[in-house]
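These notes are about the structure you will find just below.
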Amino acid sequence: MTVHSGRVPEFSRINSGDFAARGRPPQGAPARPDYRRSAGVLGAQEREPAVTREGRRPGARTVTTSSKKAAGQDYDAGPFVPQRGGLPTLRRAAAGCEGCPLFRDATQTVFGAGASSARIVIVGEQPGDQEDRRGEPFVGPAGRLLREALGEAGIEERSAYFTNAVKHFKFEIAARGKRRIHKAPSLREMSACRPWLAAELRKVDPELVMALGATAGKAVLGTSFKVSQQRGLLLPMPAWDALGHSDASGADGIPVREAAAHGCVVATIHPSAVLRADDREAAYRGLLSDLRVAAEVLRSGAERAAAD
Ligand code: URA
């Protein structure tokens, strides 16, 4: 697997002409918040033509804080997502995302890693402590467990693109000591970050999305998703533009051949839940069983492609 390594250079240009409209009226860049931690990072790392020196596309409308508030869009990564370019462009732009307040305390954005040709996109909740420090998803204990389970299920790591529903680490500092304790992202933070996930999925266009845990499931399928009820089922793949807006609550699952032909989502528990479980063995077996469902779809897809 090609994993991005090292700290991603900060990409601070916040312009608008290149940003996805996301189904709402075109809008300009958000006013650059004055809470940026370092004025030194404001020099553009990547230069593209047709951007004014103020970092805006000519004619772009600036969205002021008050107009953003009025539109209820205070938390929204959408204006930071470039419409053009591949995964490297997205990754660079994501390094400068200030679409919600989580960027302030996190070390860096942890963008997805893997090939744009990946057959499966694995979506976690948010980076953990180690991922935040290293700038790579799934490199901590939960990631190691996940990789082991993928291998056991017969899913090759190099066929996977790893990412998270939320791209910044949310934490609180332990009462005593300096340990950073994971805090679950809110629905608002998850929704704000969804444009990045949609952009990644659009670029990779996988055959299967594996959602790990409730936050990932809700990010992909919508707030009615319940991991306890829907894990291990083959759920219809949502359109990338409607990510998080399926109503999968009553879905029973689709047949393997249909899933292989049209794409599907498989949900399972988060590997951290396995690490926390009283009965780790049983929780791991459950994770493995759901991953094997995904592996079967990938096998069926490969057979279908070979027969064509
Ligand atoms: N947990 C996640 O959901 N994602 C990571 O990248 C690491 C731990």
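For the sequence shown, the numbering used here begins at 1376 and goes up steadily by one. Glycine is no exception: its CB is placed at the ideal position from the N, C-alpha and C atoms. Just so you know, these numbers come straight off a predicted model, no measurement behind them.
{"Item": "Report the rounded CA-to-CA distance for A1574 versus R1660, giving the unit in angstroms.", "Value": "32 Å"}
{"Item": "Do S1317 and ligand 1 come close, with the Cβ less than 7 Å from some heavy atom?", "Value": "Any property of residue 1317 remains undetermined from this structure, which presents the chain solely from 1376 to 1683."}
{"Item": "To which residues of the same chain is L1663 closer than 8 Å at the C-beta, ignoring the five residues directly before and after it?", "Value": "A1524, E1527 and A1528"}
{"Item": "If you draw a straight line from the C-alpha of D1683 to the C-alpha of G1676, how long is it?", "Value": "11 Å"}
{"Item": "Buried or exposed for G1552, going by 16 or more other Cβ atoms inside 10 Å?", "Value": "exposed"}
{"Item": "Which residues in the same chain have their Cβ closer than 6 Å to the Cβ of A1445, if we skip the five residues on either side of it in sequence?", "Value": "For A1445, the pLDDT reaches just 41, beneath the cut-off of 50, and the residue's location in the model is therefore unreliable, leaving the point undetermined."}
{"Item": "In three-state DSSP terms, what is M1565?", "Value": "helix"}
{"Item": "Taking A1670 as the reference, give the member of P1516, I1530, R1606 and G1499 with the closest Cα.", "Value": "I1530"}
{"Item": "Taking the CB atoms as reference points, tell me whether H1620 and G1638 lie closer together than 8 Å.", "Value": "no"}
{"Item": "Throw me the rounded Cβ distance for the N1539 and P1502 pair, which I believe falls under 8 Å.", "Value": "6 Å"}
{"Item": "Starting from the Cα of A1642, find the closest Cα among E1500, R1555 and I1556 and give me that residue.", "Value": "E1500"}
{"Item": "Hey, is E1532 close to ligand 1, as in C-beta under 7 Å from one of its heavy atoms?", "Value": "no"}
{"Item": "Between G1592 and F1600, is the Cβ-Cβ spacing less than 8 Å?", "Value": "yes"}
{"Item": "So the candidates are L1666, L1520, V1541 and W1615; which of them puts its Cα closest to the Cα of V1649?", "Value": "L1520"}
{"Item": "With DSSP as the reference, label H1620 as helix, strand or coil.", "Value": "coil"}
{"Item": "Does at least one heavy atom of ligand 1 sit under 7 Å from the Cβ of E1564?", "Value": "no"}
{"Item": "Quick check on DSSP: helix, strand or coil for E1523?", "Value": "helix"}
{"Item": "Could you compute how far the alpha carbon of S1442 sits from the alpha carbon of D1449?", "Value": "Model confidence at S1442 stands at a pLDDT of 48, short of 50, so the residue's coordinates are unreliable; what they give is reported in the following sentence. Cα-Cα distance, rounded: 9 Å."}
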